[in-house]
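Remarks on the structure that follows.
Numbering (the numbering used here), first residue to last: 10 to 256.
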(Lines of atoms letter the chains of each structure in order from A and count residues from 1; the text may use other names and numbers.)
(Lines give C-alpha, C1' and ligand atoms only; values in the text may rest on other atoms or scores of the structure.)
Protein backbone atom coordinates (compact mmCIF):
# COMPACT_ATOMS: atom_id res chain seq x y z
CA UNK A 1 0.00 0.00 0.00
CA UNK A 2 1.41 3.41 -0.95
CA UNK A 3 1.91 6.15 1.63
CA UNK A 4 -0.78 8.22 -0.09
CA UNK A 5 -3.29 5.37 0.14
CA UNK A 6 -2.35 4.77 3.78
CA UNK A 7 -3.21 8.38 4.56
CA UNK A 8 -6.53 8.10 2.73
CA UNK A 9 -7.29 4.78 4.43
CA UNK A 10 -6.63 6.33 7.84
CA UNK A 11 -8.62 9.51 7.23
CA UNK A 12 -11.67 8.26 9.13
CA UNK A 13 -9.54 7.84 12.25
CA UNK A 14 -8.06 11.29 11.66
CA UNK A 15 -11.51 12.86 11.38
CA UNK A 16 -12.66 11.13 14.55
CA UNK A 17 -9.60 12.46 16.34
CA UNK A 18 -10.33 15.96 15.07
CA UNK A 19 -13.86 15.74 16.41
CA UNK A 20 -12.77 14.33 19.76
CA UNK A 21 -9.89 16.73 20.48
CA UNK A 22 -11.69 19.93 21.31
CA UNK A 23 -10.05 20.96 24.56
CA UNK A 24 -6.65 22.30 25.49
CA UNK A 25 -4.73 21.33 28.58
CA UNK A 26 -6.87 22.66 31.46
CA UNK A 27 -3.83 23.65 33.51
CA UNK A 28 -2.85 26.63 31.41
CA UNK A 29 -4.26 30.02 30.53
CA UNK A 30 -4.74 30.38 26.79
CA UNK A 31 -3.96 33.45 24.70
CA UNK A 32 -7.52 33.30 23.47
CA UNK A 33 -9.54 35.36 21.07
CA UNK A 34 -6.68 36.58 18.90
CA UNK A 35 -6.66 36.45 15.12
CA UNK A 36 -4.53 33.72 13.58
CA UNK A 37 -2.68 35.14 10.61
CA UNK A 38 0.63 33.29 10.79
CA UNK A 39 2.21 30.46 12.75
CA UNK A 40 5.92 29.85 13.30
CA UNK A 41 6.86 26.27 14.19
CA UNK A 42 10.02 25.46 16.15
CA UNK A 43 11.38 22.04 17.05
CA UNK A 44 13.68 19.17 16.13
CA UNK A 45 13.58 16.53 13.37
CA UNK A 46 10.26 15.17 14.65
CA UNK A 47 8.81 18.62 14.00
CA UNK A 48 10.47 18.67 10.56
CA UNK A 49 8.30 15.72 9.55
CA UNK A 50 5.18 17.16 11.14
CA UNK A 51 5.76 20.43 9.31
CA UNK A 52 5.03 18.69 6.00
CA UNK A 53 1.28 18.16 6.57
CA UNK A 54 1.12 21.31 8.68
CA UNK A 55 2.26 23.32 5.68
CA UNK A 56 -0.51 21.84 3.54
CA UNK A 57 -3.15 22.17 6.25
CA UNK A 58 -2.40 25.79 7.13
CA UNK A 59 -2.32 26.72 3.43
CA UNK A 60 -5.73 25.13 2.97
CA UNK A 61 -6.91 27.03 6.06
CA UNK A 62 -5.70 30.42 4.76
CA UNK A 63 -2.97 30.88 7.38
CA UNK A 64 0.70 31.62 6.69
CA UNK A 65 2.94 28.92 8.12
CA UNK A 66 6.71 28.84 8.55
CA UNK A 67 8.80 26.06 10.04
CA UNK A 68 12.30 26.57 11.40
CA UNK A 69 12.40 23.08 12.88
CA UNK A 70 15.88 21.61 12.53
CA UNK A 71 17.37 18.17 12.06
CA UNK A 72 19.57 17.26 15.01
CA UNK A 73 18.73 20.35 17.03
CA UNK A 74 16.12 23.09 17.21
CA UNK A 75 16.15 22.99 21.00
CA UNK A 76 16.38 25.86 23.48
CA UNK A 77 17.97 23.87 26.31
CA UNK A 78 20.44 20.99 26.31
CA UNK A 79 23.08 20.00 23.73
CA UNK A 80 23.45 22.25 20.69
CA UNK A 81 21.09 24.84 22.17
CA UNK A 82 23.90 27.39 22.39
CA UNK A 83 24.26 27.23 18.61
CA UNK A 84 20.51 27.50 18.15
CA UNK A 85 20.35 30.58 20.37
CA UNK A 86 22.86 32.33 18.12
CA UNK A 87 20.25 32.49 15.36
CA UNK A 88 16.88 31.94 17.04
CA UNK A 89 16.21 35.54 18.19
CA UNK A 90 16.78 36.83 14.65
CA UNK A 91 14.53 34.12 13.22
CA UNK A 92 11.75 34.99 15.64
CA UNK A 93 12.03 38.69 14.85
CA UNK A 94 12.13 38.29 11.08
CA UNK A 95 9.22 35.84 11.03
CA UNK A 96 6.84 38.49 12.38
CA UNK A 97 4.49 35.75 13.50
CA UNK A 98 1.91 36.45 16.20
CA UNK A 99 2.00 32.79 17.28
CA UNK A 100 5.13 30.74 17.90
CA UNK A 101 4.78 27.02 18.55
CA UNK A 102 7.67 25.24 20.24
CA UNK A 103 7.36 21.47 20.24
CA UNK A 104 9.53 20.15 23.05
CA UNK A 105 12.47 18.31 21.54
CA UNK A 106 14.29 15.07 22.21
CA UNK A 107 17.29 17.22 23.13
CA UNK A 108 15.64 19.20 25.94
CA UNK A 109 18.04 17.70 28.47
CA UNK A 110 19.20 19.34 31.66
CA UNK A 111 18.30 19.90 35.27
CA UNK A 112 14.99 21.38 36.30
CA UNK A 113 16.70 24.75 36.61
CA UNK A 114 18.33 24.49 33.19
CA UNK A 115 15.09 23.51 31.51
CA UNK A 116 13.19 26.28 33.26
CA UNK A 117 15.83 28.84 32.27
CA UNK A 118 15.68 27.73 28.64
CA UNK A 119 11.89 27.85 28.45
CA UNK A 120 11.73 31.18 30.25
CA UNK A 121 14.33 32.61 27.88
CA UNK A 122 12.26 31.41 24.94
CA UNK A 123 9.13 32.95 26.42
CA UNK A 124 10.86 36.29 27.00
CA UNK A 125 12.32 36.29 23.50
CA UNK A 126 9.00 35.43 21.87
CA UNK A 127 7.15 38.02 23.98
CA UNK A 128 9.76 40.58 22.96
CA UNK A 129 8.58 40.20 19.36
CA UNK A 130 4.97 40.78 20.39
CA UNK A 131 4.02 37.13 19.84
CA UNK A 132 2.35 34.48 21.99
CA UNK A 133 4.11 31.20 22.75
CA UNK A 134 2.52 27.77 22.55
CA UNK A 135 4.44 24.84 24.02
CA UNK A 136 3.47 21.46 22.57
CA UNK A 137 4.58 18.21 24.15
CA UNK A 138 6.61 15.81 22.02
CA UNK A 139 5.55 12.27 21.14
CA UNK A 140 6.94 9.57 23.42
CA UNK A 141 10.00 7.80 22.07
CA UNK A 142 11.51 4.33 22.29
CA UNK A 143 14.91 5.27 23.71
CA UNK A 144 18.13 3.82 22.36
CA UNK A 145 21.52 4.00 24.05
CA UNK A 146 21.81 7.67 23.04
CA UNK A 147 18.58 8.74 24.74
CA UNK A 148 18.31 6.28 27.63
CA UNK A 149 20.51 8.26 30.07
CA UNK A 150 18.33 11.35 29.56
CA UNK A 151 14.82 9.91 29.77
CA UNK A 152 14.13 11.27 33.26
CA UNK A 153 15.01 14.75 32.02
CA UNK A 154 12.81 14.41 28.94
CA UNK A 155 9.92 13.11 31.02
CA UNK A 156 10.23 16.13 33.36
CA UNK A 157 10.35 18.72 30.57
CA UNK A 158 6.57 18.97 29.92
CA UNK A 159 5.85 19.81 33.55
CA UNK A 160 8.56 22.47 33.59
CA UNK A 161 7.16 23.98 30.39
CA UNK A 162 3.66 23.87 31.88
CA UNK A 163 4.84 25.76 34.97
CA UNK A 164 6.53 28.38 32.82
CA UNK A 165 3.31 28.80 30.83
CA UNK A 166 1.17 29.03 33.96
CA UNK A 167 3.37 31.80 35.33
CA UNK A 168 3.35 33.78 32.07
CA UNK A 169 0.19 35.85 32.66
CA UNK A 170 -1.34 34.66 29.41
CA UNK A 171 1.78 35.08 27.29
CA UNK A 172 2.10 31.31 26.83
CA UNK A 173 0.10 28.11 26.97
CA UNK A 174 0.91 24.42 26.86
CA UNK A 175 -0.89 21.85 24.73
CA UNK A 176 -0.54 18.22 25.74
CA UNK A 177 -0.34 16.02 22.63
CA UNK A 178 -0.84 12.88 24.68
CA UNK A 179 -4.28 12.60 23.12
CA UNK A 180 -2.57 12.02 19.78
CA UNK A 181 0.32 9.78 20.77
CA UNK A 182 -0.61 8.12 24.02
CA UNK A 183 1.81 7.80 26.91
CA UNK A 184 4.18 5.30 25.30
CA UNK A 185 5.71 4.83 21.86
CA UNK A 186 3.32 2.96 19.58
CA UNK A 187 4.59 2.11 16.11
CA UNK A 188 1.27 1.09 14.58
CA UNK A 189 -2.25 2.33 15.09
CA UNK A 190 -5.32 0.71 13.59
CA UNK A 191 -3.00 -1.72 11.83
CA UNK A 192 -1.09 1.02 9.98
CA UNK A 193 2.32 2.62 10.63
CA UNK A 194 1.93 5.67 12.82
CA UNK A 195 5.50 6.13 14.05
CA UNK A 196 8.83 5.32 12.43
CA UNK A 197 10.54 2.04 13.24
CA UNK A 198 13.47 4.11 14.53
CA UNK A 199 11.46 4.77 17.69
CA UNK A 200 11.61 8.55 17.32
CA UNK A 201 9.98 10.03 14.25
CA UNK A 202 6.46 10.00 12.82
CA UNK A 203 5.00 8.31 9.79
CA UNK A 204 2.59 10.14 7.47
CA UNK A 205 -0.47 8.84 9.31
CA UNK A 206 0.84 10.01 12.68
CA UNK A 207 1.91 13.39 11.30
CA UNK A 208 -1.56 13.82 9.77
CA UNK A 209 -3.30 12.94 13.02
CA UNK A 210 -1.08 15.39 14.88
CA UNK A 211 -1.86 18.10 12.32
CA UNK A 212 -5.61 17.65 12.66
CA UNK A 213 -5.32 17.77 16.46
CA UNK A 214 -3.08 20.83 16.52
CA UNK A 215 -5.29 22.85 14.17
CA UNK A 216 -8.32 21.99 16.29
CA UNK A 217 -6.50 23.14 19.43
CA UNK A 218 -5.48 26.39 17.73
CA UNK A 219 -9.10 26.96 16.74
CA UNK A 220 -9.97 26.75 20.44
CA UNK A 221 -7.35 29.37 21.23
CA UNK A 222 -8.33 31.57 18.27
CA UNK A 223 -12.11 31.40 17.69
CA UNK A 224 -11.78 33.30 14.40
CA UNK A 225 -9.72 30.49 12.92
CA UNK A 226 -11.48 27.64 11.13
CA UNK A 227 -9.29 24.68 10.16
CA UNK A 228 -9.74 23.33 6.67
CA UNK A 229 -11.36 19.93 6.26
CA UNK A 230 -8.62 17.26 6.40
CA UNK A 231 -9.79 15.97 3.03
CA UNK A 232 -8.41 19.17 1.49
CA UNK A 233 -4.84 18.57 2.64
CA UNK A 234 -4.31 14.94 3.68
CA UNK A 235 -3.53 13.63 0.19
CA UNK A 236 -1.71 16.52 -1.46
CA UNK A 237 1.63 14.77 -1.98
CA UNK A 238 3.53 15.58 1.21
CA UNK A 239 3.31 11.97 2.47
CA UNK A 240 5.78 10.86 -0.23
CA UNK A 241 8.55 13.05 1.21
CA UNK A 242 11.84 11.23 1.85
CA UNK A 243 11.82 12.44 5.47
CA UNK A 244 9.38 9.65 6.30
CA UNK A 245 11.55 6.58 6.81
CA UNK A 246 10.92 3.35 8.66
CA UNK A 247 7.23 3.49 7.81
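Don't be surprised by glycine CBs; every beta carbon is placed ideally from N, CA and C.
- Of the other Cβ atoms in all chains shown, 16 or more fall within 10 Å of the Cβ of residue 127; this residue is therefore buried.
- Of the candidates 175, 49, 235 and 150, the residue whose Cα lies closest to the Cα of residue 207 is 150.
- Taking a contact as a CB-CB distance under 8 Å, the pair residue 186 and residue 220 does not count as one, their CB atoms being some 11 Å apart.
- Going by C-alpha positions, residue 49 is about 12 Å away from residue 144.
- The Cβ atoms of residue 83 and residue 114 sit closer than 8 Å to each other.
- Within its own chain, the residues whose Cβ lies closer than 8 Å to the Cβ of residue 172, once the five positions on either side in sequence are excluded, are 125, listed in chain order.
- Here residue 195 carries a coil assignment [DSSP, helix/strand/coil].
- For residue 132, the enclosing alpha helix (DSSP H) begins and ends at 121-137.
- Boundaries of the beta strand (DSSP E) around residue 47: 47-51.
- Beta-bridge partners of residue 211 (DSSP): 204.
- With a cut-off of 8 Å on Cβ pairs, the region 185-205 is in contact with the region 148-168, counting three or more such pairs.
- Taking 8 Å as the cut-off, the Cβ atoms of residue 78 and residue 109 do not count as close.
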